[in-house]
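Heads up, the sequence shown is in our numbering, so the first residue is 473 and it goes up one at a time. A virtual CB, placed ideally from N, CA and C, is assigned to each residue, including glycine. Small disclaimer: the values here were computed from a predicted structure and weren't measured. A quick write-up on the structure given underneath.
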Amino acid sequence: MKKKPTVGKLKKKLWKHFSLYIRTRDKYTCFTCGKVAHGSGMHSGHYIPKSVGGVALYFHEKNVHAQCYHCNINLSGNSDIYLQNLVKRYGEEIIDEIRLLRQEINKWSLQDYTDKIEYYEEKLKALT
Ligand SMILES: [Zn+2]
Numbered sequence: 473m474k475k476k477p478t479v480g481k482l483k484k485k486l487w488k489h490f491s492l493y494i495r496t497r498d499k500y501t502c503f504t505c506g507k508v509a510h511g512s513g514m515h516s517g518h519y520i521p522k523s524v525g526g527v528a529l530y531f532h533e534k535n536v537h538a539q540c541y542h543c544n545i546n547l548s549g550n551s552d553i554y555l556q557n558l559v560k561r562y563g564e565e566i567i568d569e570i571r572l573l574r575q576e577i578n579k580w581s582l583q584d585y586t587d588k589i590e591y592y593e594e595k596l597k598a599l600t
C-alpha cells in the first residue's frame, strides 16, 4: 500500500510547481527591479511573507512574483516597490484583497494540496 503523504510534503511539492509556474509566467523577470535571471538567481518572492500570510497568501498568484535573489533576500522582498508595482498591475483593489486574505485563517486538506498541484501542472503546461 502506498504511504499517505503528509501536508508538509505536499506543501513542498506544491511550492515547487507553483513557484515554477510563477517564474515562467513572469518570464524570469524580477517584479521589483526588472532584472532577468535563471536558476538560483531567480526566486518566487512573496509580498506578504510566508511567515505572516497563511496558506491562502502563500500560494496566491497576486502575492507571489518572480523576484531576483538581491530583491528577495538582500532587500527582504523590496516591499515598498513591490506594493507600488502590485497597484500598477492590479489596481488599488489589490490592497483590500490582500488585507482580506490576511485575515483568513485557512487550513488545506491533503486533497486541497493534491488538487492545486494538478492545477499548476496543467497551468504551467498551458504556458509552455
Ligand atoms: Zn530584483
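Taken through DSSP and simplified to helix, strand or coil, T478 comes out as coil. Looking at K595, S548, L599 and V527, the one whose alpha-carbon comes closest to that of D584 is V527. Per DSSP, S516 is one residue of the beta strand (DSSP E) stretching across M514 to H518. Remark: the C-beta of H542 is in contact range of ligand 1, defined as less than 7 angstroms to any heavy atom. For V559, the enclosing alpha helix (DSSP H) begins and ends at S551 to Y562.
If you look at A528, you'll find it isn't in any beta strand (DSSP E); it sits in the alpha helix (DSSP H) that goes V527 to Y530. Of the candidates E565, K499, K476 and Y530, the residue whose Cα lies closest to the Cα of W487 is Y530.
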